[in-house]
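All remarks here apply to the structure that follows.
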Amino acid sequence: MDSNRTSKLRKIRDEIINLKESPLYKYRTQNKYFPVIGEGNHFAKIMFIGEA
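Counting in our numbering, the sequence shown runs from 7 upward without gaps.
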């Protein structure tokens, strides 16, 4: 199950990074910005979401 969850999260990460249809894609790539995907335990019971 762990590898299944990890592979699903990797697929989501890759889709976000390669999402060229997004209106932000051109701006993000021209300014060398990268999406903030996050990190941590894939089985965490709590998640903190913040803005920088």
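Think of the CB as a built atom: it goes at the ideal place given N, C-alpha and C, for glycine as much as any other residue.
Limits of the unbroken alpha helix (DSSP H) element including residue i
i	result
residue 26	Counting along the chain, residue 26 falls outside any alpha helix (DSSP H), and DSSP gives it neither H nor E.
Rounded C-alpha distance that separates residue i from residue j
i	j	result
residue 40	residue 25	12 Å
residue 29	residue 57	20 Å
residue 17	residue 43	12 Å
residue 37	residue 45	23 Å
residue 33	residue 27	12 Å
residue 22	residue 53	19 Å
Three or more C-beta pairs closer than 8 Å, one from the stretch 8 to 20 and one from the stretch 44 to 54: is that the case here? Output reads yes: the stretch 44 to 54 touches the stretch 8 to 20.
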